[in-house]
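Right, one structure below, let's go through it.
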Amino acid sequence: MVDGRDIADIDDEFELAKVRSDFGYLFQGGALFDSLTVMENVTFGLKYLTKIPKKEYSRIAREKLALVGLENAEDKKPAELSGGMKKRAALARAIAAEPRYIFYDEPTTGLDPLTSDMVMNLISDMAAKLKITSIIVTHDIRLAFTISTRIAMLDKGKFEVTGTPEDLRKSSSPDLQDVHR
Numbered sequence: 001m002v003d004g005r006d007i008a009d010i011d012d013e014f015e016l017a018k019v020r021s022d023f024g025y026l027f028q029g030g031a032l033f034d035s036l037t038v039m040e041n042v043t044f045g046l047k048y049l050t051k052i053p054k055k056e057y058s059r060i061a062r063e064k065l066a067l068v069g070l071e072n073a074e075d076k077k078p079a080e081l082s083g084g085m086k087k088r089a090a091l092a093r094a095i096a097a098e099p100r101y102i103f104y105d106e107p108t109t110g111l112d113p114l115t116s117d118m119v120m121n122l123i124s125d126m127a128a129k130l131k132i133t134s135i136i137v138t139h140d141i142r143l144a145f146t147i148s149t150r151i152a153m154l155d156k157g158k159f160e161v162t163g164t165p166e167d168l169r170k171s172s173s174p175d176l177q178d179v180h181r
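Note that UniProt numbering gives residue 4 to position 4 of the sequence shown, counting from 1, and the numbers run on in steps of one.
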């Protein structure tokens, strides 16, 4: 269900493309194309998900790269970037088509604490500045409790606990005893 609409039954390719364009994805490993520059990676989705004129691609990419603090990285290849820079480049790509929702898959996994904090702040900033709904899959409890407005904890594919971070902090649920420490 997206905005009250069951999207599982959409069989019209045009309608499905419209729904898909509402979503951005930040994959755990960034999933940047090694053979493309950062600029080319950021503009990649614009070609396939939007009707934006090609002449606008560079402007949009530069704007999104500036939002994530990578103004001077547009000509670099992913191999030349640090782990945190790769995450930021992937985030710039995810927001380039101006989605309404972004799915983050383990956005802080494999990052040092300082870079994790930077990514956490960036996710929060993007949600506020761009008015994007963020859906984050994470094992990082600190991340979940710091930037979330609602949390759902899963166990074996089932919701065990849901609520606001404050609700979960106050909960006496045995599933949350480790979280309270």
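For every residue, glycine included, the Cβ atom is placed at its ideal position computed from N, Cα and C.
Unbroken beta strand (DSSP E) run spanning residue i, endpoints
| i | result |
| --- | --- |
| F145 | From DSSP, F145 is part of no beta strand (DSSP E) but of the alpha helix (DSSP H) over 141-147. |
| S134 | 133-137 |
| I7 | I7 -> no beta strand (DSSP E), and no H or E assigned at all. |
Three-state secondary structure assigned by DSSP to residue i
| i | result |
| --- | --- |
| M1 | coil |
| K77 | coil |
| P99 | coil |
Alpha helix (DSSP H) segment containing residue i, residue limits
| i | result |
| --- | --- |
| A127 | 113-130 |
Which residues DSSP lists as bridging residue i, in chain order
| i | result |
| --- | --- |
| T162 | A152 |
| D105 | V137 |
Can you check the region 11-85 for any alpha helix (DSSP H) of at least 4 residues that lies completely inside it and give the ranges in chain order? Correct list: 13-20, 38-49, 57-67.
Review point. Should the region 11-18 be regarded as contacting the region 34-47, the criterion being three or more beta carbon pairs within less than 8 angstroms?
Key: Short answer: they don't touch.
(Q) For the pair the region 93-109 and the region 20-29, tell me if three or more CB-CB distances fall below 8 angstroms. (A) Yes: the two stretches touch, three or more of their Cβ pairs being nearer than 8 angstroms.
At a cut of 8 angstroms, does the region 29-36 reach the region 74-91 through at least three beta carbon pairs?
-> Contact between the region 29-36 and the region 74-91 is present, because at least three Cβ pairs lie under 8 angstroms.
Quiz item: Should the region 55-66 be called in touch with the region 75-84, which here means at least 3 C-beta pairs below 8 angstroms?
Solution: The region 55-66 vs the region 75-84: no contact.
* Looking at C-beta atoms only, is the number of pairs between the region 137-152 and the region 107-124 that lie closer than 8 angstroms three or more? -> Taking a cut-off of 8 angstroms for Cβ pairs, the region 137-152 and the region 107-124 touch, as three or more such pairs fall below it.
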